[in-house]
Amino acid sequence: MLDVATIRNFSIISHVDHGKSTLSDRILELTGAVDPRLMREQYLDSMDIERERGITIKAQNVRVSWKGHTLHLIDTPGHVDFGYEVSRSLAACEGAVLLVDASQGIQAQTLANCYQALEHDLEIVAVLNKIDLPAADPERCAAEIEQVLGIEASTILTISAKTGEGVPELLDAIVERIPHPSGDRDAPLRSLIFDSAYDQYRGVVSSIRVMDGTLSASDRLRFMQARADHDVEEIGVRTPNPEPVSELGPGEVGYLIAGIKNVGEARSGETVTTTAHPAPEALAGYRDPKPMVFCGLFPVEGDELPDLRDALEKLRLNDASFTYEPESSQALGFGFRCGFLGLLHMEIVRERLEREFDLSLIATAPSVAYRAFLTDGAEVEVDNPSGLPEASKLDHVDEPMLQATIITPSEYTGTVMDLCQSRRAEMTRMDYLSPERVELVYSIPLAEVVVDFFDQLKSRTKGYASLDYEPGDYQTANLVKVDILINHVPVDAFSTIVHRAQAEYYGRRMAEKLRELIPRQLFDVPIQAAIGGRIISRETVKAKRKDVLAKCYGGDITRKRKLLEKQKEGKKRMKNIGRVEVPQEAFVSALRLDD
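Remember, the working numbering sits 3 above the position in the sequence shown when you count from 1.
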């Protein structure tokens with residue numbers, strides 16, 4: 004068992020793409036944790052999708068040794084949608100390495116993660132990375148960090164995670180500055196689960212941090228929130244390969260396998276104690292993250308529904324931050340309404356379902372959770388446009404707002420303000436971090452951010468602006484539901500709730516798009532966009548014409564007219580009883596997020 008004074012628990016936090024995973028690679032190399040022949044980039048990122056996109060999605064932990072000390076490193080995601088993973092990792096640490104790109108300086112997510120670390124009372128070691136780049140300007144960035152975060156410029160380290168320059172000094176600083184864990188070895192066991200993953204052969208594998216007491220391989224454990232008891236099958240540490248040990252003492256980080264098959268019993272934030280000497284009270288867990296973006300997921304083949312249900316259950320174990328419940332749609336059949344933390348999160352979950360479980364899925368347009376107030380005083384939460392009550396029963400609708408922080412070079416201030424105002428945003432604050440960079444804080448409706456706000460922000464600022472957001476309050480807005488009718492039948496998968504000012508534009512765009520996608524029938528197919536009973540836009544898919552006169556060579560005109568009249572009658576009858584089959588590709592194309 005380790006001496007508590009030699010343990011240091013820290014995580015690496017920063018904005019997306021500032022070099023967390025590269026720094027983790029260098030630390031693994033320097034401390035000799037990984038054989039140089041087996042070393043690869045993004046060593047701790049285990050999922051294919053992480054390696055392809057070059058982003059971290061799941062927090063990873065590893066134990067390394069440095070000059071007689073044991074360091075537990077937790078590599079965290081940087082993207083705003085995965086801030087929940089960061090908050091859980093910070094609860095298992097005493098310190099954090101705040102990584103800032105020396106060529107870009109402080110970005111929105113840097114601030115958000117730093118404030119999270121300060122809330123957890125962590126010791127912060129500020130580091131400027133990428134000093135090997137020609138565009139690096141460490142002095143300017145250090146002055147910016149001192150002004151914005153109050154960390155003295157003289158204490159900020161400079162490193163290059165790519166070349167390894169300055170990393171040994173960083174490890175020394177971690178040992179010197181970050182306090183060792185406090186914990187009573189003789190107290191009853193209290194340990195915190197900060198992450199869980201599902202292994203199909205061994206059940207739930209939980210990442211665990213021991214706060215007090217000792218966890219040994221022969222214990223029978225009690226999961227305090229789930230009120231369930233389990234025997235330990237294996238405890239161990241990741242170095243980075245799993246290595247079984249006989250016991251874990253206070254301050255140590257490792258993994259626990261207890262033969263748990265049900266995901267809900269080993270949730271993140273769970274406190275684990277022993278049944279023989281249970282702890283009097285549980286540790287403070289985590290706030291459950293609230294989903295902000297909703298969409299329907301439907302299998303392309305109806306008989307894949309049970310597979311989709313199983314896949315969602317298994318994925319929920321690895322990612323506790325999304326929710327799902329069954330729903331049905333006239334157009335798409337049976338599926339699930341899923342809630343996500345943001346758009347990237349939604350894309351990642353959908354891609355993981357398709358890859359890891361070999362499913363083909365249709366996702367409906369993303370929507371957010373509105374609050375509808377009825378004329379009789381009742382309040383209804385609406386996360387699906389088809390659930391919005393009729394206009395005659397509605398008093399008003401409130402929509403969720405975000406507090407969005409945008410950091411941009413000052414020459415793009417005008418174009419960023421223009422973008423925000425076109426999305427119904429209101430500015431609450433504007434600060435110059437330095438003469439070249441400005442921080443803008445806006446209150447903006449979540450529904451406006453969901454579609455393509457981030458892409459627009461990046462393209463208008465040539466990729467230099469960064470965005471961070473946190474949920475705000477609800478605000479009353481003039482919202483309407485736009486229905487799309489195909490051949491006079493409403494198709495619920497295309498309904499959406501939009502601001503009245505944008506309703507006509509949405510209806511016109513959707514009708515034009517569907518006209519191109521729906522194949523021609525033997526009769527005219529009207530495509531209409533409607534608000535309540537009022538049609539705001541219409542397009543027509545023209546009928547195919549069969550040439551009934553092909554067999555007439557010359558002869559009397561009345562014969563031709565008779566055939567054309569007969570064809571006309573047939574089309575009329577067909578139109579009354581005909582159904583338009585909308586092909587699956589049309590749904591997929593019409594609901595594409597990026598268009």
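For glycine and all other residues, C-beta sits at the position ideal for the given N, C-alpha and C.
What you are looking at is a predicted structure, and each value in this text was computed from that prediction instead of being measured.
Going by the CB atoms, is the gap between Val385 and Asp391 shorter than 8 Å?
In the sequence shown, counting from the first residue as 1, residue 391 sits at position 388. In the sequence shown, counting from the first residue as 1, residue 385 sits at position 382. The sequence given here places Leu at residue 391; Asp does not occur at that position. Closer than 8 Å, so yes.
Grouping DSSP H, G and I as helix and E and B as strand, with all else coil, what is Lys264?
If you number the sequence shown from 1, residue 264 lands on position 261. If DSSP states are grouped into helix, strand and coil, Lys264 belongs with coil.
Identified DSSP bridge partners for Asp215
To locate residue 215, count along the sequence shown from 1; it is residue 212. According to DSSP, which records beta bridges pairwise, Asp215 is partnered with Arg193.
If you draw a straight line from the alpha carbon of Leu443 to that of Ile351, how long is it in whole angstroms?
Position 440 of the sequence shown, counted from the first residue, corresponds to residue 443. Position 348 of the sequence shown, counted from the first residue, corresponds to residue 351. Whole-angstrom Cα-Cα distance: 28 Å.
In the DSSP assignment, find the unbroken alpha helix (DSSP H) run with Asp28 in it and report its ends.
Walking along the sequence shown from the start, residue 28 turns up at place 25. That run of the alpha helix (DSSP H) goes Lys23 to Leu33.
Assuming Met227 is part of the alpha helix (DSSP H), what are its boundary residues?
The residue given as residue 227 occupies position 224 in the sequence shown. Unbroken run through Met227: none, as it is neither H nor E.
Per DSSP, Phe456 forms a beta bridge with which residues?
Within the sequence shown, the letter at position 453 stands for residue 456. For Phe456, which the question treats as bridged, DSSP gives no partner whatsoever.
Quick check: the Cα distance between Val371 and Gly345, rounded to an integer number of angstroms?
Walking along the sequence shown from the start, residue 371 turns up at place 368. Walking along the sequence shown from the start, residue 345 turns up at place 342. So the alpha carbons of these two residues sit roughly 10 Å apart.
Could you tell me which uninterrupted beta strand (DSSP E) segments, each at least 3 residues in length, are contained entirely in the stretch 477-555, listed from first to last along the chain?
Here the runs fully enclosed are 482-489, 499-502, 528-534 and 537-544.
Through-space distance from Leu488 to Ala506, alpha-carbon basis
Along the sequence shown, one-based indexing puts residue 506 at 503. Along the sequence shown, one-based indexing puts residue 488 at 485. Whole-angstrom Cα-Cα distance: 15 Å.
Where does Pro403 fall in DSSP's three states?
Here residue 403 refers to the residue found at position 400 of the sequence shown. Of the three classes helix, strand and coil, the one that applies to Pro403 here is strand, per DSSP.
Do the stretch 110-130 and the stretch 448-458 touch if we need at least three Cβ pairs shorter than 8 Å?
no
State the DSSP-derived secondary structure class of Ile1, mapped to helix, strand or coil.
Look at the range of the chain in this structure, 4 to 598, and you will see that residue 1 is not part of it.
Could you check the C-alpha separation between Leu318 and Ser271 for me, to the nearest Å?
Sequence index remark: in the sequence shown, residue 318 carries index 315 (1-based). Sequence index remark: in the sequence shown, residue 271 carries index 268 (1-based). Answer to the nearest angstrom: the Cα atoms are 14 Å apart.
What's the gap between the Cα of Ile534 and the Cα of Arg463?
Locating residue 534 in the sequence shown gives position 531, counting from the first residue. Locating residue 463 in the sequence shown gives position 460, counting from the first residue. Ile534 and Arg463: Cα-Cα distance of roughly 33 Å.
Cα-Cα, which of Tyr435, Glu237, Ile539 and Arg426 is closest to Gln459?
Along the sequence shown, one-based indexing puts residue 459 at 456. Per the Cα distances, Arg426.
By Cβ distance, which residues of its chain are closer than 6 Å to Ala231, with the 5 residues on each side in sequence left out?
The residue labelled residue 231 in the question sits at position 228 within the sequence shown. Counting only Cβ-Cβ distances below 6 Å, and skipping sequence neighbours, we find Glu268.
Reduced DSSP category for Thr242 - H, G, I as helix; E, B as strand; rest coil:
Mapped onto the sequence shown, residue 242 falls at position 239. It is coil, neither helix nor strand.
What three-state label does DSSP hand His18 in the structure shown?
Here residue 18 corresponds to residue number 15 of the sequence shown, with the count starting at 1. For His18, the three-state secondary structure derived from DSSP is coil.
Reduced DSSP secondary structure (H/G/I, E/B, other) of Tyr415
To locate residue 415, count along the sequence shown from 1; it is residue 412. Note: Tyr415 maps to helix in three-state DSSP.
What whole-angstrom Cβ distance do His18 and Gln110 have, given they're in contact under 8 Å?
As a working note, residue 18 is residue 15 in the sequence shown. As a working note, residue 110 is residue 107 in the sequence shown. Indeed they touch by this definition, with Cβ atoms about 4 Å apart.
Do you know offhand how far Ser600's Cα is from Gln531's?
Here the chain has residues from 4 to 598 only, and residue 600 is not among them.
Could you tell me the alpha carbon to alpha carbon distance between Asp48 and Ser210, rounded to whole angstroms?
Here residue 48 refers to the residue found at position 45 of the sequence shown. Here residue 210 refers to the residue found at position 207 of the sequence shown. Annotation note: pLDDT 49 at Asp48 (below 50); position unreliable, no value reported.
Closest by C-alpha distance to Ser27, when choosing among Gly167, Tyr509, Gly342 and Ala366:
Translated into positions along the sequence shown, residue 27 becomes position 24. It is Gly167 whose Cα lies nearest to the Cα of Ser27.
Rounded to the nearest angstrom, what separates Glu330 and Leu520 at their Cα positions?
Working through the sequence shown from its first residue, we reach residue 330 at position 327. Working through the sequence shown from its first residue, we reach residue 520 at position 517. Distance between the alpha carbons of Glu330 and Leu520: 26 Å.
Backbone CA spacing between Asn387 and Asn244 [nearest angstrom]:
Walking along the sequence shown from the start, residue 387 turns up at place 384. Walking along the sequence shown from the start, residue 244 turns up at place 241. Distance between the alpha carbons of Asn387 and Asn244 is about 44 Å.
Does the Cβ of Asp559 have 16 or more other Cβ atoms within 10 Å, making it buried, or fewer, making it exposed?
Start at 1 with the first residue of the sequence shown, and residue 559 comes out as number 556. Answer is exposed; the Cβ neighbour count stays below 16.
Looking at C-alpha atoms only, which residue of Gly252, Glu250, Arg143 and Asn12 is the closest neighbour of Glu439?
Position 436 of the sequence shown, counting from 1, holds the residue named residue 439. Among Gly252, Glu250, Arg143 and Asn12, the Cα nearest to that of Glu439 is on Arg143.
Looking at C-alpha atoms only, which residue of Leu101, Gln203, Ile238 and Met227 is the closest neighbour of Ala220?
Working through the sequence shown from its first residue, we reach residue 220 at position 217. It is Ile238 whose Cα lies nearest to the Cα of Ala220.
Assuming Glu402 and Gln478 form a contact by the criterion Cβ under 8 Å, report the distance between their Cβ atoms to the nearest whole angstrom.
For the purposes of this step, residue 402 is taken as residue 399 along the sequence shown, with counting starting at 1. For the purposes of this step, residue 478 is taken as residue 475 along the sequence shown, with counting starting at 1. Confirmed, about 6 Å.
What is the rounded straight-line gap between the Cα of Leu596 and the Cα of Leu362?
The residue given as residue 596 occupies position 593 in the sequence shown. The residue given as residue 362 occupies position 359 in the sequence shown. Any reading at Leu596 is ruled out, since the residue's pLDDT is 38, under 50, leaving its predicted position unreliable.
Bridge-paired residues (DSSP) for Pro302
Taking the sequence shown and counting its residues from 1, one reaches residue 302 at position 299. Looking at the DSSP assignment, Pro302 forms a beta bridge with Leu364.
Extent of the continuous beta strand (DSSP E) run through Gly329
For the purposes of this step, residue 329 is taken as the residue at position 326 of the sequence shown. Sequence inspection shows Pro at residue 329; the Gly mentioned does not correspond to that position. Following the DSSP letters along the chain, one finds Pro329 inside the beta strand (DSSP E) bounded by residues Thr326 to Ser332.
Exposure of Gly22, with buried meaning 16 or more beta-carbon neighbours within 10 Å
Along the sequence shown, one-based indexing puts residue 22 at 19. Burial call: buried.
Within the same chain, show all residues whose beta-carbon is closer than 6 Å to that of Asp187, passing over the 5 residues directly before and after it, in chain order.
Position 184 of the sequence shown holds residue 187. Here Asp187 has Asp215 as same chain residues with Cβ atoms under 6 Å from its own Cβ, once five neighbours each way along the sequence are excluded.
Going by DSSP, which residues form a beta bridge with Asp434?
Here residue 434 refers to the residue found at position 431 when the sequence shown is read from its first residue. Glu442.
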